[in-house]
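This report refers to the structure that appears directly beneath it.
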Amino acid sequence: MSPFGWWIAVYFALATLAAGAGAAACALVAQSASQGRSPSIRAPLLLAGVAIALGAGALILDLEQPGRFWLTLTSYNPDSWLSRGSRIIALFGLIALALFLVTDPEPTDRRPSWPEYGLAALLAPLAVLVAIYPAFVLDQEAGRPLWHSALLPVLFAAGALHVATAIARAPALLEVAATALEFALFAAYLLAVGVTPFVTGAVPCALLVVAALGAWLLPLAMLRRDHAHRPARSSKSSGSSGSWRSGRGIPWLRVACIAIGCLAIRAAILLAGQRTYGPLIDS
Amino acid sequence: MIDANQPPPWETVGPEHAQTRRRAGMVVDIDRCVGCHSCSVACKTEHQVPLGNFRQRTHYLQRPGQTQLTFVPMLCMHCQDAPCIAACPTSALGALDDGRVVINDQRCNGTKACIPACPYGAIALDRQTGRADKCDFCVQRTDVGLDPACVEACPTQALRFGDMDDPDDPVARYAAQREAAAYLPSAGTRPSVLYVGHDRWMEKRAHSVQRTHDEDGIIYE
Chain C
25 MSPFGWWIAV YFALATLAAG AGAAACALVA QSASQGRSPS IRAPLLLAGV
75 AIALGAGALI LDLEQPGRFW LTLTSYNPDS WLSRGSRIIA LFGLIALALF
125 LVTDPEPTDR RPSWPEYGLA ALLAPLAVLV AIYPAFVLDQ EAGRPLWHSA
175 LLPVLFAAGA LHVATAIARA PALLEVAATA LEFALFAAYL LAVGVTPFVT
225 GAVPCALLVV AALGAWLLPL AMLRRDHAHR PARSSKSSGS SGSWRSGRGI
275 PWLRVACIAI GCLAIRAAIL LAGQRTYGPL IDS
Chain E
98 MIDANQPPPW ETVGPEHAQT RRRAGMVVDI DRCVGCHSCS VACKTEHQVP
148 LGNFRQRTHY LQRPGQTQLT FVPMLCMHCQ DAPCIAACPT SALGALDDGR
198 VVINDQRCNG TKACIPACPY GAIALDRQTG RADKCDFCVQ RTDVGLDPAC
248 VEACPTQALR FGDMDDPDDP VARYAAQREA AAYLPSAGTR PSVLYVGHDR
298 WMEKRAHSVQ RTHDEDGIIY E
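Going down the list, the sequences are from chains C and E.
For the first sequence, this note's numbering assigns the number 25 to the initial residue and increments by one for each residue that follows.
For the second sequence, this note's numbering assigns the number 98 to the initial residue and increments by one for each residue that follows.
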């Protein structure tokens, strides 16, 4: 697909992953403020940093003149969402790095420190911006009407929320709700712009949508299986739908499935959008 | 076309003849266009546009319910609110003082954000150089008092270049007399290229996107 190729779809998905990981870290800081103990948030912050670095690599690979990638960083066009996004991503990465350095590597029995609160408070809105700014990049492309939907930023934000609930091991109900929200928003987007570009004359597009749906359902099946096999514990333990689930680290397989779903959906939107030209005309 | 009343070209070309334009623009008269492609060929020759790319295209459209063909030349509209300039992250696209939108080859890194930003499909990727490419109103010609190559080559004067903000400019007067209008006004870009004789059905048939030759399945030998 051209001119935005597969690397751009990868970049958008990685931006969602980074935003979700950052949001998960902020959510864990907020949760620990009430519980009086701090889980380690280094894992999600590391994931956010790696996702950003890989995303930058994907962007450079997409350039037709990769040797000039530095121009995107040294020049600033205030009207360009790509230019704004490079600054947002850079700031997000710096704040995430700072939070990574001030936080404890192991879970502790203390509330987060004030630097951790402050950095998390800065990171949270940046995570939202990182999640939604790709939608504004697409909206700026005046020749591609399929991308001019107000649902796109909400859909992309829902993807980041979905990632965040899995990484933070949110209560199962929250994770199911995030999945349903992303699914509902994509369905609404298809209704708003028309299913046709995603179905007819573009087999890869339809396959991508099916792949995304499958990728979304798989984590739910894993969630249900985990919940069914968990032994009975006290009400304070993890596993109850009202409390955050226990477990150190990140449920990598579930997060990978969700990330694949994000990639498939973004690739489908890019592919369908680039094949649809023109209805800037009032019919 | 040679006009005996005009001075020879070598007496009107040079930096001293550079015109001060308030807004460079063009009028495309569809009623005069015969689809000869002289404009496209002249443009390709002037700028050595690579195989498969076009800075200036002439669409062949069949009128609804008729067998008559209409020819619609399309090129960069040099919009006053150019979405390509807003989309470019390296500010490689910019407008000169007289509104000509040009690409700075030294700043373009091939992001390709400008290509889908253009509602007229005026920008394409030059795969040889890896940079964006589009009509620039023949900057090297218009800076020394010449008309763009396509205007010079057009045998029917379907293309006219002038100062659209100068009420005394013959092209601006022509545009006013013939009620020249923007192509795809719903795009809201305020183009400096105005069309005479175009209808809305043309906008639905020829609006945007230069498909690459491999997308069209065309093989150039």
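Using N, Cα and C, we set each Cβ at its ideal position, and we do this for glycine too.
| Item | Value |
| --- | --- |
| Give me whichever residues DSSP pairs with M171 (chain E) in a beta bridge. | E:R154 |
| Could you tell me which residues DSSP pairs with D260 (chain E) in its beta bridges? | E:A121 |
| Could you name the residues of chain C that N206 (chain E) contacts, counting a contact when the two beta carbons are closer than 9 Å? | L87, E88, Q89, P90, G91, R92, F93, W94, L95, T96 |
| Exposed or buried, which one is L231 (chain C) when buried takes at least 16 other CB atoms within 10 Å? | exposed |
| Would you verify that the beta carbon of S264 (chain C) is, or is not, closer than 9 Å to some beta carbon of chain E? | A caution first: S264 (chain C) carries a pLDDT of 41, below 50, which makes its placement in the model too unreliable to give a value. |
| Are there 16 or more other CB atoms within 10 angstroms of the CB of T220 (chain C), so buried, or fewer, so exposed? | exposed |
| Where does P186 (chain E) land, buried or exposed, given buried means 16+ other C-beta within 10 angstroms? | buried |
| Measuring alpha carbon to alpha carbon, tell me which of C:T189, C:L146, C:G218 ends up nearest L205 (chain C). | C:T189 |
| Of all the alpha helix (DSSP H) runs that stay within the bounds of the region 86 to 159 of chain C, which reach a length of 4 or more residues? | 94 to 98, 105 to 126 |
| Assuming C133 (chain E) contacts R287 (chain E) (C-beta within less than 8 Å), just tell me the rounded distance between them. | Not a contact, Cβ separation roughly 30 Å. |
| Could you name the residues of chain E that R168 (chain C) contacts, counting a contact when the two beta carbons are closer than 7 Å? | P213 |
| Looking at the C-beta of P170 (chain E), does it have a partner C-beta in chain C at a distance below 9 Å? | no |
| Check the DSSP bridge columns for D233 (chain E) and list the partner residues they point to. | Its beta-bridge partners do not exist; DSSP assigns none. |
| Can you tell me whether R204 (chain E) is helix, strand or coil according to DSSP? | coil |
| Going by the beta-carbon positions, is the gap between I32 (chain C) and I76 (chain C) smaller than 9 Å? | no |
| Could you check what DSSP says for L41 (chain E) in three-state terms: helix, strand or coil? | The requested residue 41 (chain E) does not occur in the structure, where chain E is confined to residues 98 to 318. |
| Over the uninterrupted alpha helix (DSSP H) stretch that includes V219 (chain C), give me the two end residues. | First-last for V219 (chain C): undefined, no H or E at that position. |
| Measure the Cβ-Cβ separation of D230 (chain E) and R238 (chain E) and say whether it is below 9 Å. | no |
| Are L87 (chain C) and A192 (chain C) touching if we call contact CB-CB under 9 Å? | no |
| For R168 (chain C), collect the residues of the same chain with a Cβ closer than 6 Å to its Cβ; drop the 5 residues on either side in sequence, then sort them by chain order. | G297 |
| In chain E, which residues lie less than 7 Å from S173 (chain C) when you measure between Cβ atoms? | Simply none; closest approach about 15 Å. |
| Apart from the five residues just before and just after L106 (chain C), which ones in its own chain have a Cβ nearer than 6 Å to its Cβ? | V161 |
| Going by alpha carbons, who is nearest to T253 (chain E) out of E:R270, E:V198, E:F168, E:E276? | E:F168 |
| Does the pairing of the region 197 to 213 of chain E with the region 139 to 156 of chain E give three or more beta-carbon distances under 8 Å? | no |
| Give me the chain E residues within the contact set of D103 (chain C), using Cβ-Cβ distance strictly less than 7 Å, ordered along the chain. | A183 |
| Please work out which residues of its chain come closer than 7 Å, Cβ to Cβ, to R197 (chain E), disregarding the five sequence neighbours upstream and downstream, and give them in chain order. | A121, H175, D233, F234, V236 |
| Under the assumption that Q89 (chain C) contacts P180 (chain E) (Cβ atoms under 8 Å), give the Cβ distance between them as a whole number of angstroms. | Q89 (chain C) to P180 (chain E), Cβ: 22 Å. No contact. |
| My guess is that Y271 (chain E) and V124 (chain E) are in contact by the Cβ rule of under 8 Å, so how many angstroms apart are they, rounded? | 6 Å |
| Note down, in chain order, every chain C residue with its Cβ under 8 Å from the Cβ of R228 (chain E). | E88, Q89 |
| Comparing the C-beta of L209 (chain C) with each C-beta of chain E, is any distance below 9 Å? | no |
| Measure the beta-carbon distance from A184 (chain C) to A155 (chain C) and round it to whole angstroms, keeping in mind my assumption that it falls under 8 Å. | 4 Å |
| What residues from chain E crowd round Q298 (chain C), counting only those whose CB sits closer than 8 Å? | P213 |
| Would you list the one or two residues that DSSP bridges to D223 (chain E)? | E:R228 |
| Do we get a CB-CB distance below 9 Å when we pair I289 (chain C) with the residues of chain E? | no |
| Note down the Cα distance separating M149 (chain E) from A48 (chain C), rounded to an integer number of angstroms. | First, the residue type needs correcting, since residue 149 (chain E) is Gly and not Met in the sequence shown. If I take the Cα positions, the gap works out to 48 Å. |
| Going by DSSP in three states, Q159 (chain E) sits in which element: helix, strand or coil? | strand |
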